[in-house]
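Novice:
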Amino acid sequence: MNRNDTPARIAHVFSGTFVHSTPRAAVEILQNCVLGVDDKGKIAFIEKHQDVVSLSEIWGFETSDIRQLGQYEFLMPGMVDTHIHASQYSYAGTALDLPLLEWLNTYTFPVEAKYKDLDFANDVYTKVVRRTLKNGTTTACYFATIHTDASLLLGELADRFGQRALVGKVCMDYNSYPNVKPVVTPRFAPSCSSSLLSELGEIANNNKLHVQSHISENKEEVELVKTLFPGCKSYTDVYLKHNLLTDRTVMAHGCHLTDEELEIFRETGSAVSHCPNSNISICSGMLNVRNVLNHNVKLGLGTDVAGGYSPSMLDAMRRTLDTSKALTIQDPQHKTLSFEEVFRLATLGGSEALSLDDQIGNFVVGKDFDALRVNVCVPDGPIDLFPGEGPKVRQSSYWSFLPSY
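Residue numbers (the working numbering): 2 to 406.
1) Quick one: any contact between the segment 70-90 and the segment 361-378, if contact means 3 or more CB pairs under 8 Å?
2) Give the straight-line distance between the Cα atoms of Q72 and H86, rounded to the nearest whole angstrom.
3) Output needed for I330: all residues of its chain with C-beta closer than 8 Å, excluding positions within five of it in sequence on either side, in chain order.
4) Taking 6 Å as the limit between beta carbons, can you name the residues of its chain near H13, skipping five residues before and five after?
5) Please classify V129: does DSSP put it in a helix, a strand, or coil?
6) Here's the rule I'm using: 16 or more other beta-carbon atoms within 10 Å means buried, otherwise exposed. How should P100 be labelled?
7) Grab the span of the alpha helix (DSSP H) containing A327 for me, first residue to last.
8) Can you give the Cα-Cα distance for S192 and V223, rounded to whole angstroms?
9) Checking the sheet assignment: what are the DSSP bridge partners for C233?
10) For S16 and L355, I'd like the C-alpha separation in whole angstroms.
11) How is F162 classed by DSSP in three states: helix, strand or coil?
12) So, with DSSP's three-state summary, where would you put S192?
13) Can you tell which of Q164, E63, M287, C142 has its C-alpha closest to the C-alpha of T186?
14) By alpha-carbon positions, which one of T23, A9, T18, G169 ends up nearest to F344?
15) Using the three-state DSSP reduction, which class does G202 fall into: helix, strand or coil?
16) Give me the Cα-Cα distance between L119 and S152, rounded to the nearest whole angstrom.
17) Return the chain-ordered list of same chain residues with a C-beta closer than 7 Å to the C-beta of D150, the five sequence neighbours on each side being excluded.
18) Would the segment 162-169 count as touching the segment 126-141 if we require 3 or more Cβ pairs under 8 Å?
19) Residue range of the alpha helix (DSSP H) that P404 falls in?
20) When we look at the beta-carbon of R320 and count the other beta-carbons within 10 Å, is it buried (16 or more) or exposed?
21) Could you round the C-beta distance between L288 and S271 to whole angstroms and report it? I think they count as a contact, below 8 Å.
22) Determine the DSSP secondary structure at D174, reduced to helix, strand or coil.
23) Which of the three DSSP states is assigned to N295 in this structure?
24) Roughly how many angstroms lie between the CA atoms of G367 and C34, to the nearest whole one?
25) Give the secondary structure of F344 by DSSP, where H, G and I count as helix, E and B as strand, and everything else as coil.
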């Protein structure tokens with residue numbers, strides 16, 4: 002607890018059940034606790050409820066101001082989408098029977114050309130930010146397009162609606178909003194020359210910017226990269242040689258990364274964004290998340306709209322578990338992920354992948370209060386509860402049964 006002589010003013014106090022992840026526990030359930038948020042939006046304290054009187058004296062709030070969570074309610078960290086194409090939202094779920102490169106040429110590139118029209122951009126970007134927020138995504142790492150004005154508009158909209166965002170336009174250097182950061186965004190190695198990749202690596206390192214791109218999504222793409230960059234040992238080596246693998250880098254997919262490549266990710270502090278809906282929908286491959294974690298590589302989850310047809314991180318969690326089970330069917334020695342581990346990937350893991358874990362991801366004093374208030378027992382809701390169910394069952398029911406919005 003912060004016991005400075007002049008503590009910050011407390012703006013909000015919640016009492017009840019809090020569910021989050023820590024580096025040691027995939028899911029930690031804190032019951033009968035009280036959490037205080039200061040006037041800067043930071044978590045000031047989280048303590049057992051029996052200390053509420055002394056806490057009110059220390060922090061200067063009235064016990065009558067405490068917001069009591071209901072019996073079937075809990076607070077959890079906001080979910081982090083580490084890879085989503087905001088510009089592709091308008092055709093999510095379209096023609097997913099096509100191979101990746103053909104799908105890009107047929108749908109992605111023609112639609113993205115429309116973002117020179119700011120009215121079109123405003124319509125789509127408004128909808129995708131509002132939709133992801135409705136699905137519990139409080140932080141998103143967005144791909145935009147080559148259009149500067151439209152990319153700036155996406156950042157403006159995210160800020161307006163209260164979503165923390167990394168917004169990527171290649172070579173963008175823009176940070177006018179406190180919760181919106183620029184992210185250097187080479188689409189992927191096959192669409193970039195060596196000189197462009199080098200320039201982007203220089204920009205990212207000189208300005209300490211985040212980097213996002215794609216890697217080893219499908220086998221055809223991997224073979225193409227070998228042809229385009231014959232002097233590089235692997236797809237990972239392409240980004241490494243161009244100084245694009247840093248502790249602020251997140252690479253989407255990675256379905257076909259070798260153990261040697263994962264070691265490079267670990268050594269550089271780079272992260273992988275697992276996008277299971279997209280990986281299956283476009284038949285790219287199945288990432289072995291367990292193997293990535295065993296290599297101590299940072300990993301978060303992504304929806305990868307529109308390769309992934311759902312903007313919901315709950316869907317990403319479910320598909321992550323489905324993929325893990327499919328790998329176990331193929332190899333009984335494979336250790337299936339638990340729902341607790343997947344919960345951590347969607348929250349704390351995502352914040353680590355985006356190098357934002359000093360600010361968000363769990364309920365730790367000093368971090369931003371970035372949270373979802375979940376009620377699993379609303380009238381005519383999608384979840385049926387039964388006598389004797391505790392908070393862990395209710396939390397599992399939430400992400401297992403709640404529909405996407």
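Note that CB positions come from ideal geometry on N, CA and C, so glycine has one too.
Only a predicted model underlies this, so the values are computations on that prediction, with no experimental measurement involved.
Specialist: Taking the definition as stated:
1) yes
2) 38 Å
3) none
4) V38
5) helix
6) exposed
7) 314-331
8) 13 Å
9) According to DSSP, C233 bridges with nothing at all.
10) 30 Å
11) helix
12) helix
13) C142
14) T23
15) helix
16) 10 Å
17) L119
18) yes
19) First-last for P404: undefined, no H or E at that position.
20) buried
21) Not really, about 15 Å apart at Cβ, beyond 8 Å.
22) With a pLDDT of only 30 at D174, under 50, the local geometry of the prediction cannot be trusted, and no value is derived from it.
23) helix
24) 17 Å
25) helix
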